[in-house]
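Using the working numbering, read the sequence shown as starting at 182 and increasing by one per residue. Where is the CB? At the ideal position from N, CA and C, for every residue including glycine. Everything below concerns the one structure shown next.
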Amino acid sequence: MAILIVKLSALGDVVQTLPSLKLIKENLPNEDIFWVVEEAYKDLLYGHPQIGRLFTPPKDYLKSPRELFKLFKEIRNERFDLVIDYQGLLKSGVICGMARAKYKVGFSNHREGSPLFYTHRLSPYDPELHAVLRYLKLTRSALKLVGASIPQEFNDFRDIPRDIILPEEKVSALSIPYFVLVPSARWKTKEWHPKNWEDLIEKLLIRFPQHAIYLVGSGDHKVWAEEVAKKFSRVFSLFDKLSLRELVYVIRNSEVVITVDTGPMHIASVLDKPIVALFGPTAPNRTGPWSSIYKVVKVDLPCRPCFKRTCEDMLCMKKITPEMVLSAIEEMGILS
């Protein structure tokens, strides 16, 4: 039997699918598992012992006849028993259409016409259900189609399969112990003001004089991160310096990850690291951390969660204070 997982992007979403991979392998240990993931995220999965082969199209493969045909040939050369679409968009639905398989499964309320490519459309998912639990629900239903018996329902984080494998590469010369701070996100509305981060860094260095701080991420915050690293001792910028596997290593060896709602937060969850997560326009019940120890810092406002990528005032993030974040760390009770 061969199973094809279709989860192309983005970083956090790919990571949140890993418990489903583990569930598949636990119930069908002798079957071959294939995964379609965008080229940008392949290093997160490459060499994974539970994955037989990766298909790695570029992000906009649908816009390139050459890349589309290349992927079509690769997919059609294989025969699958089951295809599971965790993405639920046109770009993933087309891949389901390419695949030769008896069962092609996804939720009926997946978007952009993707259910048209399925052989089996499951009842609409609850949008308030956390993404990890939603993917596990999809996995459970899909595995039933091929005769696997999984009696357990997945209703909360305690049901999530643990001991999840995540490939990594060692990064030398890290100071131990240390915090990881993740200030950047793909949505500007998820980000916290740099001044708040600097105030928090100053408080952390005073409160925890034996700890270092590593700033990780990419994009617009790079210059700021380098300036902050020059301003404070025991603060180091790793912006745009880490591969995905190196990022995994840095997070795995940290003591606490302080982050906005972004991909590295989910890596920390997979690794079961203590997390303090700052939430503004998005909802932690849908995409929040799922490690065994975490705190969500948010401010209750009538307008949130709004899921908007643009906002004039961003009050939901502005009203989060460094003191609130520091208190959340203290409340976890894991640091002396």
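Residues sharing a beta bridge with Phe215, DSSP: For this step, residue 215 is matched to residue 34 along the sequence shown. In the DSSP output, where bridge partners are listed per residue, Phe215 has Leu185, Arg234.
Through-space distance from Lys499 to Ile439, alpha-carbon basis: Start at 1 with the first residue of the sequence shown, and residue 439 comes out as number 258. Start at 1 with the first residue of the sequence shown, and residue 499 comes out as number 318. Each residue's alpha carbon lies about 16 Å from the other.
First through last residue of the beta strand (DSSP E) which encompasses Thr440: Stepping through the sequence shown from its first residue, residue 440 is reached at position 259. Where Thr440 is concerned, the enclosing beta strand (DSSP E) stretches over 437 to 441.
Residues that Glu287 bridges to, as DSSP identifies them: Walking along the sequence shown from the start, residue 287 turns up at place 106. What sits at residue 287 in the sequence shown is Gly, not Glu. Beta-bridge pairing links Gly287 to Arg302.
In DSSP terms, what Ile345 is bridged to: Locating residue 345 in the sequence shown gives position 164, counting from the first residue. Answer is none; Ile345 lacks a bridge partner.
Reduced DSSP secondary structure (H/G/I, E/B, other) of Ala170: As displayed, the chain neither begins before 182 nor continues past 517, which places residue 170 out of reach and without an answer.
Three-state secondary structure (DSSP) of Lys476: By one-based count along the sequence shown, residue 476 stands at place 295. Strand at Lys476.
Three-pair Cβ contact test at 8 Å for the segment 249 to 267 versus the segment 277 to 290: As far as the Cβ criterion goes, the segment 249 to 267 touches the segment 277 to 290, which means the pair count is three or higher.
Same chain, Cβ closer than 7 Å to Pro305, neighbours up to 5 away in sequence not counted: The count along the sequence shown starts at 1 and reaches residue 305 at position 124. So the qualifying residues of the chain are Phe288, Ser289, Asn290.
Per DSSP, the bridge partner or partners of Ser365: The residue labelled residue 365 in the question sits at position 184 within the sequence shown. DSSP, once it has assigned bridges, lists no residue as partnering Ser365.
Buried versus exposed, by CB contacts within 10 Å (16 or more), Gln197: One-based indexing of the sequence shown puts residue 197 at position 16. Answer is buried; the Cβ neighbour count reaches 16.
Rounded C-alpha distance that separates Cys484 from Val441: On the sequence shown, residue 484 is found 303 positions in, with the first residue counted as 1. On the sequence shown, residue 441 is found 260 positions in, with the first residue counted as 1. Each residue's alpha carbon lies about 19 Å from the other.
Within 7 Å, strictly: CB atoms of Leu324 and Gln268: The residue given as residue 324 occupies position 143 in the sequence shown. The residue given as residue 268 occupies position 87 in the sequence shown. Contact flag unset, no.
Enclosing beta strand (DSSP E) for Val397 [first to last residue]: In the sequence shown, counting from the first residue as 1, residue 397 sits at position 216. Premise fails: Val397 is in no beta strand (DSSP E) and is neither H nor E.
Local Cβ density within 10 Å of Ile265, reported as buried at 16 or more and exposed below that: Stepping through the sequence shown from its first residue, residue 265 is reached at position 84. Answer is buried; the Cβ neighbour count reaches 16.
Exposure of Thr370, with buried meaning 16 or more beta-carbon neighbours within 10 Å: As a working note, residue 370 is residue 189 in the sequence shown. Buried.
Beta bridge counterpart(s) of Ser201 as assigned by DSSP: Stepping through the sequence shown from its first residue, residue 201 is reached at position 20. Paired residue(s): none; Ser201 is not in a bridge.
Simplified DSSP state of Ile382, which is helix, strand or coil: Counting from one through the sequence shown, the residue named residue 382 turns up at place 201. Looking at Ile382 - three-state DSSP - the assignment turns out to be helix.
Candidates Glu350, Ile331, Ser322, Val313, of which the one nearest Arg343 by Cα: Indexing the sequence shown from 1 puts residue 343 at position 162. With distances taken between Cα atoms, Arg343 lies closest to Val313.
For Phe417, the residue or residues it bridges with in DSSP: The count along the sequence shown starts at 1 and reaches residue 417 at position 236. Paired residue(s): Tyr395.
Identified DSSP bridge partners for Tyr359: Indexing the sequence shown from 1 puts residue 359 at position 178. DSSP lists Ala393 as partners of Tyr359.
Expected contact under 8 Å - CB spacing of Glu451 and Leu423 to nearest Å: Stepping through the sequence shown from its first residue, residue 451 is reached at position 270. Stepping through the sequence shown from its first residue, residue 423 is reached at position 242. Glu is not the amino acid found at residue 451; the sequence shown has Val there. 16 Å between Cβ atoms; not a contact.
Supposed close pair Asn466, Glu309 - CB separation, criterion 8 Å: By 1-based counting over the sequence shown, the position of residue 466 is 285. By 1-based counting over the sequence shown, the position of residue 309 is 128. At roughly 6 Å, the Cβ-Cβ gap stays under 8 Å, so Asn466 and Glu309 are in contact.
C-alpha gap between Pro348 and Leu226, whole angstroms: Residue 348 sits at position 167 when you count from the first residue of the sequence shown. Residue 226 sits at position 45 when you count from the first residue of the sequence shown. Distance between the alpha carbons of Pro348 and Leu226 is about 7 Å.
Beta bridge counterpart(s) of Arg260 as assigned by DSSP: In the sequence shown, the residue the question calls residue 260 occupies position 79. Beta-bridge pairing links Arg260 to Arg281.
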